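One structure is given below, encoded as structure tokens.
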Amino acid sequence: METRFNVFEILQIAEQIEHKSATFYLKAAELFADADLRDLLYRLAAWKAKHEKLWARMRQRFSEKTGEFGTFDPDNYVLSNPQVMSGLTAFGTRPDGTERLTGREDKRQILKFALRRANEVVIFYGGLKDFARDPASADAIDQIIREENRQAQVLRAELQQA
Numbered sequence: 002m003e004t005r006f007n008v009f010e011i012l013q014i015a016e017q018i019e020h021k022s023a024t025f026y027l028k029a030a031e032l033f034a035d036a037d038l039r040d041l042l043y044r045l046a047a048w049k050a051k052h053e054k055l056w057a058r059m060r061q062r063f064s065e066k067t068g069e070f071g072t073f074d075p076d077n078y079v080l081s082n083p084q085v086m087s088g089l090t091a092f093g094t095r096p097d098g099t100e101r102l103t104g105r106e107d108k109r110q111i112l113k114f115a116l117r118r119a120n121e122v123v124i125f126y127g128g129l130k131d132f133a134r135d136p137a138s139a140d141a142i143d144q145i146i147r148e149e150n151r152q153a154q155v156l157r158a159e160l161q162q163a
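Residue numbers (this note's numbering): 2 to 163.
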């Protein structure tokens with residue numbers, strides 16, 4: 002059986018990714034004594050939390066409009082548990098994800114790290130597009146990719162100024 006995700010499930014995956022990302026940045030902030038670096042990580046966490054809420058609102062509107070929800074299929078674990086897919090991203094390696102930051106990084110290193118993570122998430126969504134159930138699902142992924150690319154642009158600009 003081929004696994005295909007509808008818009009509801011794709012947005013659910015996106016919410017999970019943003020939640021894991023926000024948690025990562027909040028945990029990482031605890032590693033730093035420097036207030037400016039903590040502030041940078043808190044801003045990244047807030048940005049991810051904002052996206053999590055955005056995707057949740059879109060998912061709710063989609064469900065209200067179409068009456069469609071996620072799929073429960075006892076024979077297809079991945080389809081029935083979209084959070085499994087979110088675990089495949091860069092932020093899915095550990096619940097807190099802090100194994101990659103030590104607390105000794107400077108602002109440029111943190112920005113490079115965040116940019117690399119943003120780019121990895123875009124790659125993930127590009128691959129997920131192959132599993133979109135219909136054009137609306139592919140459109141939702143395109144919207145998510147645009148937002149992630151926008152964040153990457155902001156990070157690149159901030160990195161150039163650092």
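We put the beta carbon where it would ideally sit given N, CA and C, even for glycine.
Values in this document were obtained by computation on a predicted structure and should not be read as measured data.
Inset, instruction - For Ala-15, count neighbouring C-beta atoms within 10 Å of its own C-beta (all shown protein chains included) and say buried if the count is 16 or more, exposed if not. - result: The residue in question, Ala-15, is buried, as its Cβ has 16 or more Cβ neighbours within 10 Å.
Legend entry - Pair within 8 Å by beta-carbon distance, Ile-124 and Leu-42: Against a cut-off of 8 Å, the Cβ pair of Leu-42 and Ile-124 comes out as no contact.
Legend entry - Proximity below 8 Å, CB of Ala-30 to CB of Ala-47: No, the pair does not count as a contact, with Cβ atoms beyond the cut-off.
Legend entry - Burial state of Gln-152, where buried means 16 or more other Cβ atoms lie within 10 Å: Label assigned to Gln-152: buried.
Legend entry - Candidates Arg-109, Leu-102 and Arg-118, of which the one nearest Lys-28 by Cα: If you compare the alpha carbons of Arg-109, Leu-102 and Arg-118 with that of Lys-28, the shortest gap goes to Leu-102.
Legend entry - Which of helix, strand or coil DSSP assigns to Ala-36: DSSP places Ala-36 within a helical segment (H, G or I) once states are collapsed to three.
Legend entry - Same chain, Cβ closer than 7 Å to Asp-150, five either side skipped, listed in chain order: Sequence check: residue 150 is Asn here, not Asp. Cβ within range, chain order: Val-123.
Legend entry - Own chain, CB closer than 7 Å to Ala-141, minus 5 neighbours either side, in chain order: Once the five neighbours on either side are set aside, the close Cβ partners of Ala-141 are Val-8, Ile-11 and Leu-12.
Inset, instruction - Would you tell me roughly how many angstroms separate the C-alpha atoms of Gly-93 and His-52, rounded to the nearest one? - result: Residue confidence for Gly-93 is low, a pLDDT of 48 falling below 50, so the modelled location carries little weight; the figure read from the coordinates is stated next. Computed Cα separation, rounded: 17 Å.
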